[in-house]
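Position 314 (the sequence shown) corresponds to 393 in our numbering; numbering is contiguous. Virtual Cβ for every residue (Gly too), placed ideally from N, Cα, C.
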Amino acid sequence: MNEPSLMPRSVGRRVLLSAALGLGAGLLSSCVADPNSPTSPQTPNQTPSSSPSSAPNPTASPTPAPSPTATPESASSVPSRKQVLNSYPGRPAGAFGLEVKGIALGLPSKAKGAALTFDACGGANGEGFDEVLIEVLRKNKAPATLFINQRWAKANKSLTRELAADPLFEIANHGTTHAPLASRGQAAYGIPGTANIGAAYDEIMGNQRYLSDEFGVEAKFFRSGTAHMDELSAALTREIGLIPMNFTVNLDAGATFPAATVGTQTLSMRARSVGIGHFNRPKSGTGKGVAEALPRLIQALDSQSLRLLKLSDAF
């Protein structure tokens, strides 16, 4: 029998949270910034090109470039909001997107495996829990990093506490209001980003402190709402002591892909890949798709002396 392949055709990573240009923010109904929030108005460092196509168009995934290794700083070294406001005025925003300078995409070159990451966005229609997905990960002893937004954590306190206590999972910071992280209010998919660098600081630190105070979690990684940042905000994230983390394989396009496509995407992961999916949409194809593909992915990785990793296992 042939060894399972790690390199099937896959949808490009820029099809992030939308599979159709015309859907716009409507497609992101479970993953949009809170419109009432005062802070609301991406190793190639490339700005994403055109908007997602009208339908998934599978192509071969590129081998992820190694990401620089970084060690999050201790809480005592985190700059205050006042320090940030004093040191950042006048600095250019730089490029805005999914893959800008400062954002980690794949795992570092030393990593002996790949990483599954799943987001929980919160907000209207986004406070659900994909129990099928989480139980599949547990059944297969597949570690994963879970990026949790403050809105989801507040709506699911007992679940968040349970997930944080499970050594199979690492909890990471998915922002306070789920806004794109911006220094000039740049928008992604029609969703306004944080209006200024102070609001960007609040978007990161509001949830960072909440996860710490409420659940004892000291998150080491940050992913913004829509995964978009500008270069200045990515630099701010690193100065705060977090690694701005995106992805190389888009597993579910904002929980919109059917299960078969999710399975294909999952099987496209290889050494140093980072996959992004969602665990807050139980009616999506994510859980079923991952369930069908995960045993084969684990077998394929194992055949190359690789394994699934939490992000902190690699950085």
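Where do the N-terminal and C-terminal ends of the alpha helix (DSSP H) with residue i fall, by residue?
| i | result |
| --- | --- |
| Gly277 | 276-294 |
| Val211 | 210-218 |
| Gly366 | 365-381 |
| Thr255 | Where Thr255 is concerned, there is no enclosing alpha helix (DSSP H), given that its DSSP letter is neither H nor E. |
| Gly173 | Element bounds for Gly173: n/a, residue is neither H nor E. |
| Ala341 | Contrary to the premise, residue 341 reads as Val rather than Ala in this sequence. Where Val341 is concerned, the enclosing alpha helix (DSSP H) stretches over 338-346. |
| Leu311 | 310-319 |
| Leu225 | It is not in any alpha helix (DSSP H) - Leu225 instead sits in the beta strand (DSSP E) that spans 223-227. |
| Leu238 | 236-244 |
The beta strand (DSSP E) with residue i in it runs from where to where?
| i | result |
| --- | --- |
| Leu395 | Any property of residue 395 remains undetermined from this structure, which presents the chain solely from 80 to 394. |
| Ile182 | Counting along the chain, Ile182 falls outside any beta strand (DSSP E), and DSSP gives it neither H nor E. |
| Val163 | Val163 -> not in any beta strand (DSSP E); alpha helix (DSSP H) instead, spanning 160-166. |
| Asp331 | Note, Asp331: premise wrong, no beta strand (DSSP E); not H, not E. |
| Gly354 | 353-357 |
| Thr196 | 192-199 |
Give every residue of the same chain whose Cβ lies closer than 6 Å to the Cβ of residue i, excluding the five residues on either side of it in the sequence, and list them in chain order.
| i | result |
| --- | --- |
| Glu371 | Gly342 |
| Arg302 | Phe226, His253, Met324 |
| Ala314 | Gly181 |
| Pro171 | none |
| Gly277 | Leu164 |
| Ala267 | Pro259, Thr305, His307 |
| Ser363 | Ala334 |
Spatial neighbours of residue i within its chain, please: CB distance less than 8 Å, with the 5 preceding and 5 following residues excluded, ordered by chain position.
| i | result |
| --- | --- |
| Val296 | Ala243, Ile250, Leu290 |
| Ile283 | Asn252, Gly254, Thr255, Leu260, Phe301, Leu315, Thr316, Ile319, Leu321 |
| Ala234 | Gly201, Glu206 |
Identify, in the order they occur along the chain, each residue of the same chain with its Cβ nearer than 7 Å to the Cβ of residue i, setting aside the five sequence neighbours on each side.
| i | result |
| --- | --- |
| Arg360 | Ser109, Gly207, Asp209, Ala334 |
| Arg217 | Leu247 |
| Val215 | Gly366, Val369, Ala370, Leu373 |
| Phe326 | Arg92, Leu184, Thr196, Val353, Gly354, Ile355 |
| Asn219 | Leu373, Pro374, Ile377 |
| Ser262 | Ala172, Asn275, Ile276, Ala279, Asp309, Leu311, Ser312 |
Using 8 Å as the threshold, is the C-beta distance between residue i and residue j below it?
| i | j | result |
| --- | --- | --- |
| Leu247 | Val353 | no |
| Gly320 | Val157 | yes |
| Thr414 | Leu212 | The question about residue 414 has no answer, for the chain in this structure spans 80 to 394. |
| Lys20 | Ala338 | Because the chain is modelled from 80 through 394, residue 20 falls outside the range shown and cannot be assessed. |
| Lys299 | Ser384 | no |
| Thr224 | Ala232 | no |
| Leu376 | Thr345 | yes |
| Gly285 | Thr255 | yes |
| Pro222 | Ala393 | no |
| Ala194 | Leu380 | no |
| Arg349 | Ala190 | no |
| Val279 | Gly264 | With the sequence shown as reference, residue 279 is identified as Ala, and Val is not the correct amino acid for it. No, Cβ-Cβ distance for Ala279 and Gly264 is not below 8 Å. |
Taking all protein chains shown into account, decide if residue i is buried (16 or more other Cβ within 10 angstroms of its Cβ) or exposed.
| i | result |
| --- | --- |
| Ser382 | exposed |
| Asn165 | exposed |
| Gly70 | A query on residue 70 cannot be resolved here, the shown segment of the chain reaching from 80 to 394 and no further. |
| Lys389 | buried |
| Glu241 | exposed |
| Gly272 | buried |
| Ser159 | exposed |
| Ser237 | exposed |
| Pro168 | exposed |
| Gly192 | buried |
Just to check, is the beta-carbon of residue i closer than 7 Å to a non-hydrogen atom of the ligand COA?
| i | result |
| --- | --- |
| Arg302 | Of ligands this structure carries none, so the ligand COA is not represented either. |
Subject >> Any 3 or more C-beta pairs closer than 8 Å across the stretch 227-234 and the stretch 192-207 >> reply: yes
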